[in-house]
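K.L.:
Sequence positions in the sequence shown follow this note's numbering and run 202 to 459.
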Amino acid sequence: MNTTITTRRGTAIEVINCGNFLLDGGTMFGRVPKVMWEKWFPTDGKNRITMATNVLRIVKDGRTYVVETGLGSLYTANDWEIMGTSLDRVRLLTDPVDCLICTHLHWDHCGGIQDMEVRSEVIVSRMEWEDARGENPLSKGSYRAADLEKVEKILRLADPPEDVADGIRLIPTPGHTRGHMSVLIDDEVFYPGDLIPTAAHVHLPFIMAYDLYPLTVLETKKKILDEAVRKNWTLVFEHDPYRPVGTIRIEGTRYSSA
Numbered sequence: 202m203n204t205t206i207t208t209r210r211g212t213a214i215e216v217i218n219c220g221n222f223l224l225d226g227g228t229m230f231g232r233v234p235k236v237m238w239e240k241w242f243p244t245d246g247k248n249r250i251t252m253a254t255n256v257l258r259i260v261k262d263g264r265t266y267v268v269e270t271g272l273g274s275l276y277t278a279n280d281w282e283i284m285g286t287s288l289d290r291v292r293l294l295t296d297p298v299d300c301l302i303c304t305h306l307h308w309d310h311c312g313g314i315q316d317m318e319v320r321s322e323v324i325v326s327r328m329e330w331e332d333a334r335g336e337n338p339l340s341k342g343s344y345r346a347a348d349l350e351k352v353e354k355i356l357r358l359a360d361p362p363e364d365v366a367d368g369i370r371l372i373p374t375p376g377h378t379r380g381h382m383s384v385l386i387d388d389e390v391f392y393p394g395d396l397i398p399t400a401a402h403v404h405l406p407f408i409m410a411y412d413l414y415p416l417t418v419l420e421t422k423k424k425i426l427d428e429a430v431r432k433n434w435t436l437v438f439e440h441d442p443y444r445p446v447g448t449i450r451i452e453g454t455r456y457s458s459a
């Protein structure tokens with residue numbers, strides 16, 4: 202389901218689900234027992250849960266910005282089977298865009314660049330780009346050479362925090378990867394990427410097994426959630442097929458998404 206959020210400044214932000222895929226539920230919740238998370242994410246017979254690929258499309262001052270890409274089309278038949286989906290069930294972003302922003306460069310966040318026409322630039326944090334081309338055995342398998350090759354042709358390295366346009370700000374949110382960044386629009390709509398991939402992950406202990414630096418995730422997430430409460434931000438959860446948009450509430454020390 203797609204939706205549009207309009208900020209108080211009048212910026213229209215289109216939230217587009219580029220397709221769902223299946224992923225092992227345990228990896229998405231790390232140390233948290235299944236009994237605590239399966240009420241939000243029911244599993245199939247292989248313990249897989251449904252993950253969305255919710256991306257943003259923003260038109261500002263005559264330029265089109267897209268945040269993340271969706272899965273894209275560059276997969277083998279075996280890849281599609283593992284993901285529990287197929288090419289005809291994903292949405293490809295084939296309309297030209299001026300600027301693509303990637304929170305990081307894992308395949309499920311930038312794989313769709315294979316099908317995109319990006320006129321101007323792909324913005325990635327400098328640290329993320331360095332790590333994506335590195336040899337860390339824990340993360341190497343999450344990056345695809347074909348994606349990096351296409352990104353490199355029109356790469357713009359960012360050193361967040363920084364503004365890429367009036368009202369579009371990059372925020373450093375390390376933890377999932379060292380160079381992971383998030384996007385804040387008009388100081389009102391926040392796109393956390395894999396810092397908070399679903400509404401369930403607003404709970405502080407819900408940290409993915411994929412997070413390379415879990416304690417950093419915990420610290421970063423608390424800082425962001427406190428700011429979200431203080432400023433009443435709307436959050437867009439990239440991987441949540443059920444509750445892609447929410448605001449943050451806090452009771453005592455417990456955060457929730459409404």
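All residues carry an ideal CB built from backbone N, CA and C; glycine is no exception. Here the structure is a predicted model, which is why all the values come from computation and not from measurement.
(1) Ignore the nearest five residues each way along the sequence and tell me which others in glutamate 318's own chain have a CB closer than 6 Å to its CB.
(2) For threonine 399, which residues in the same chain have their Cβ closer than 6 Å to its Cβ, ignoring the five residues on either side in sequence?
(3) If contacts are defined as beta-carbon pairs under 8 Å, then glycine 273 and glutamine 315 qualify, I think. What distance do you get, rounded to the angstrom?
(4) Considering only the beta carbon of each residue, do arginine 415 and isoleucine 425 sit closer than 7 Å?
(5) Which residue wins for smallest C-alpha separation from tyrosine 276, given the options Ala253, Lys261 and Ala347?
(6) I'd like to confirm the pairing. Which residues does DSSP put opposite valine 291 in its beta bridges?
(7) If tyrosine 392 sits next to leucine 257, beta carbons under 8 Å apart, how far is it from one beta carbon to the other, in whole angstroms?
(8) For a quick check, are the C-beta atoms of asparagine 221 and threonine 251 less than 7 Å apart?
(9) Could you check what DSSP says for phenylalanine 222 in three-state terms: helix, strand or coil?
(10) Tell me, which residues are paired with threonine 456 by DSSP?
(11) Who are the Cβ neighbours of aspartate 299 in its own chain at under 6 Å, not counting the five residues just before and after it?
(12) Between arginine 370 and the rest of its own chain, which residues show a CB-CB distance below 6 Å, the 5 nearest in sequence each way excluded?
(13) Tell me, to the nearest whole angstrom, how far the beta carbon of methionine 382 is from that of serine 326; I am working on the premise that it is less than 8 Å.
(14) Going by DSSP, which residues form a beta bridge with serine 326?
(15) Which first and last residues belong to the beta strand (DSSP E) in which arginine 264 is found?
(16) List the endpoints of the continuous beta strand (DSSP E) containing valine 437.
(17) Would you kindly check if the distance between the Cβ of valine 323 and the Cβ of leucine 356 is under 7 Å?
(18) Specify, as a first and last residue, the run of the beta strand (DSSP E) that leucine 371 falls within.
(19) May I ask you to report which of helix, strand or coil DSSP gives glutamate 331?
(20) Please list the terminal residues of the continuous beta strand (DSSP E) segment that includes threonine 251.
(21) Over what stretch of residues does the alpha helix (DSSP H) that includes threonine 421 continue unbroken?
(22) Any idea what DSSP makes of lysine 261, helix, strand or coil?
(23) Grouping DSSP H, G and I as helix and E and B as strand, with all else coil, what is aspartate 387?
(24) Buried or exposed for arginine 249, going by 16 or more other Cβ atoms inside 10 Å?
(25) Could you please give the first and the last residue of the uninterrupted alpha helix (DSSP H) stretch that includes valine 352?
(26) Check whether the Cβ atoms of valine 174 and tyrosine 443 sit closer than 7 Å, and answer yes or no.
(27) Pick out whichever of His307, Thr207 and Phe242 has its Cα sitting closest to the Cα of glycine 380.
(28) Alpha carbon to alpha carbon, how far is aspartate 262 from glycine 211? Give it in angstroms, no decimals.
P.N.:
Concretely, from the data shown:
(1) Pro297
(2) Phe438, His440 and Asp441
(3) 5 Å
(4) First, the amino acid is wrong: residue 415 is proline here, not arginine. It is not a contact, given that the beta carbons lie outside the stated cut-off.
(5) Ala347
(6) For valine 291, which the question treats as bridged, DSSP gives no partner whatsoever.
(7) 6 Å
(8) yes
(9) strand
(10) Correcting the residue identity first, residue 456 is tyrosine in this sequence and not threonine. DSSP lists Ile451 as partners of tyrosine 456.
(11) Arg264, Thr265, Arg320 and Ser321
(12) Asp364 and Leu385
(13) 5 Å
(14) Ala359
(15) 264 to 268
(16) 435 to 437
(17) yes
(18) 369 to 373
(19) helix
(20) 249 to 252
(21) 415 to 432
(22) strand
(23) coil
(24) buried
(25) 346 to 354
(26) Only positions 202 to 459 of the chain appear in the structure, and residue 174 is not among them; the question remains open.
(27) His307
(28) 12 Å
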